[in-house]
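Residue numbers (this note's numbering): 633 to 908.
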């Protein structure tokens, strides 16, 4: 009788071990196989997916995204074609902010939604890690994060932390506020955003710019600031004593891998090593 009990105990114990091991194994299996068809609605995330090695899974992108040649254009990030997206049968959508792709819109597509909306360089690294885990590319994500951190560690601090105003748009004069990725780039490059308002974009009067008197006045050129008049040629900036620098919007204002290169470029500008 005791042998039978011992046998039952051993069988019961073996079953527990088997179930435990199976559960752990299931936990370790990434959900990569569930996400074989991806639509990217925020172009800043596309280079990350390319670096992670999942470009062959991307079936749809926005019309301004140049990363994947074979993917179908599905409209803009603010006005995506939901019928076309559903026709592509994606199982994952990488969107920007909830404001750009609201929940009600997300409910109209038959796919999971990953929101990519980093506000700082550290947020970008966190999102890269999250995407790596989600797509079963943890090792690739860790390698990318390491390389990007190494870029930041190569920055040499300027002798003095310069103050900066970064122009988003010359029309109605919008500048980068404290919640913009631009602030994170400026700080990582060794500078300080002179605009302390905790918003992404801030309306600022020319008089306030002159009052703040930043060391650098940086203005971007791109979709949000097309063909702006050079600041020093604007009547209200004739008395501006800041060093004026033009930068490409897609490199500086898009919160992706490019932002780390922007840090390097801006750091050189702060230290007077640029060719401006």
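No residue lacks a Cβ here, since even glycine has one placed at the ideal position from N, Cα and C.
Per-residue DSSP class, three states only, for residue i
i, result
"residue 727", "strand"
"residue 711", "coil"
"residue 859", "coil"
"residue 746", "strand"
"residue 679", "helix"
"residue 905", "coil"
"residue 867", "helix"
"residue 692", "strand"
"residue 878", "strand"
Alpha-carbon to alpha-carbon, residue j and residue i
i, j, result
"residue 866", "residue 881", "20 angstroms"
"residue 675", "residue 692", "11 angstroms"
"residue 742", "residue 718", "7 angstroms"
"residue 871", "residue 808", "22 angstroms"
"residue 773", "residue 720", "26 angstroms"
"residue 789", "residue 874", "20 angstroms"
"residue 783", "residue 892", "7 angstroms"
"residue 896", "residue 787", "7 angstroms"
"residue 756", "residue 889", "8 angstroms"
"residue 823", "residue 682", "31 angstroms"
"residue 763", "residue 701", "21 angstroms"
"residue 708", "residue 730", "15 angstroms"
"residue 847", "residue 901", "11 angstroms"
"residue 668", "residue 768", "11 angstroms"
"residue 670", "residue 688", "9 angstroms"
"residue 800", "residue 856", "7 angstroms"
"residue 732", "residue 844", "33 angstroms"
"residue 805", "residue 771", "43 angstroms"
"residue 785", "residue 864", "34 angstroms"
Residue i classed as buried or exposed, judged by whether at least 16 other C-beta atoms fall within 10 angstroms
i, result
"residue 728", "buried"
"residue 904", "exposed"
"residue 710", "exposed"
"residue 697", "buried"
"residue 899", "buried"
"residue 886", "buried"
"residue 759", "buried"
"residue 859", "exposed"
Proximity test, residue i beta-carbon vs the ligand PLP heavy atom, cut-off 7 angstroms
i, result
"residue 824", "Among the ligands in the structure shown, none appear at all, so the ligand PLP cannot be discussed."
Rounded Cβ spacing between residue i and residue j (contact assumed at less than 8 angstroms)
i, j, result
"residue 673", "residue 694", "6 angstroms"
"residue 909", "residue 829", "Summary: the structure shown does not reach residue 909, with the chain confined to residues 633 through 908, and so no result is reported for it."
4-residue-minimum alpha helix (DSSP H) runs that sit fully inside the stretch 769-854, ordered along the chain
770-785, 813-820 and 838-844
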